[in-house]
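In this note's numbering, the protein residues as written are 9 to 324.
To keep things clear, I will list the structure first and then write my remarks on it.
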Ligand code: KDG
């Protein structure tokens with residue numbers, strides 16, 4: 009990995025696993041087909057932040073395969089720095105399928121032994137990561153392997169010791185690890201998160217608390233600096249030690265919520281980094297996330313800044 013070789017470190021760096029996406033669409037005759045696209049929560053985050061104008065880089069490992077090439081091309085198209093992306097000749101780029109039912113969307117993964125899961129404290133570019141203003145990672149970064157989890161903790165320590173901030177999505181994927189282990193790791197990590205980005209349903213499972221206010225209090229008490237609790241069409245509850253804002257949801261014609269939480273995260277972090285207050289960042293991120301649900305796939309429908317501003321101008 010190209011530690012120390014960059015001339016300029018991006019303001020925001022996301023650490024985690026990209027997955028090629030195959031998203032189910034049902035034809036008029038009832039048969040299904042799968043539309044290729046891009047996914048992986050931290051990559052979705054990076055695209056969302058970049059589309060809002062932030063300087064973003066990805067830190068991960070890809071296979072030396074055509075799916076890896078597609079991700080490199082995506083990130084380069086989006087203006088995302090790839091200096092911290094390593095290619096692994098011995099492990100593949102992961103893929104996943106998205107299927108839809110009345111219960112919402114579901115993921116099926118083919119990712120065991122992937123290139124990204126071989127991220128470790130030994131190959132993580134800590135000297136570069138610690139120069140970013142914000143490093144973003146998620147509980148999926150930690151769930152994919154113990155070495156990736158160790159790398160996440162090493163990055164958190166290095167970044168915070170150097171005065172940088174950690175943004176953390178508690179994304180809970182019970183296909184990757186059991187609830188008890190997820191809870192232990194996530195609760196510990198929240199204590200090191202300057203910006204903590206849970207989703208309501210998952211936070212209910214993790215905290216065993218029901219009410220949004222109580223969940224936000226729980227994460228603040230654990231040591232999170234800012235908590236932005238994402239509540240889908242119900243909006244968001246955003247708080248730090250001083251203030252609390254209930255952000256109303258936006259009614260849109262949603263077809264696929266894949267990646268909506270990641271879009272919220274990328275928009276929220278880029279707005280906070282640009283100096284906006286919690287209420288403005290929360291409302292903006294809520295609008296971006298709502299818009300991202302109006303098309304299929306995690307990445308294609310992520311709106312850019314002018315789309316979000318136009319939407320807000322009409323709705324607020
Ligand atoms: O938030 C959407 C992601 O969950 C999706 O793109 C796939 O990263 C993914 C995962 O591990 O579930």
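Where a beta carbon is used, it is the ideal one built from N, C-alpha and C, also for glycine.
Small disclaimer: the values here were computed from a predicted structure and weren't measured.
At least 7 Å separates the beta-carbon of residue 301 from that of residue 106.
Per DSSP, reduced to three states, the secondary structure at residue 308 is coil, with no helix or strand assignment. From the listed residues 245, 263, 250, the smallest Cα separation to residue 256 is found for 245.
Below 8 Å, enough C-beta pairs join the stretch 274-281 and the stretch 291-298 to call them touching: three or more. Under the three-state reduction of DSSP, residue 250 is assigned to coil, being neither helix nor strand. Residue nearest to residue 163 within the set 127, 134, 313, 173 is 134 (criterion: CA-CA distance).
Checking the 6 Å criterion, the Cβ of residue 318 is out of range of every heavy atom belonging to the ligand KDG. Straight-line spacing of the CA atoms in residue 86 and residue 20 works out to 14 Å. About 5 Å separates the CB atoms of residue 60 and residue 313; that is less than 8 Å, so the two are in contact.
Listed in chain order, the beta strand (DSSP E) elements of length 3 or more contained wholly in the stretch 115-181 are 142-146, 173-177. Of the residues 56, 55, 91, the one whose Cα lies closest to the Cα of residue 70 is 91. Rounded to whole angstroms, the separation of the alpha carbons of residue 116 and residue 242 is 27 Å. The way I'd put it, the stretch 71-83 doesn't touch the stretch 197-206; fewer than three beta-carbon pairs between them come closer than 8 Å. Its chain contains 53, 177, 205 as the residues whose beta carbon lies nearer than 6 Å to that of residue 273, once the 5 sequence neighbours on both sides are disregarded; these appear in chain order. Taken from the Cβ of residue 172, every heavy atom of the ligand KDG lies 6 Å or farther away. Taking the Cβ of residue 23 as the reference point, every heavy atom of the ligand KDG lies at 6 Å or farther away.
Looking only at 196, 238, 200, the smallest Cα-Cα distance to residue 212 is reached by 238. The beta carbon of residue 22 sits closer than 6 Å to the beta carbons of 50, 53, 54, 66, 144 from its chain, once the five residues preceding and following it are set aside; these are given in chain order. A direct Cα-Cα distance of roughly 11 Å separates residue 168 from residue 161. For residue 223, DSSP records no beta bridge to any residue.
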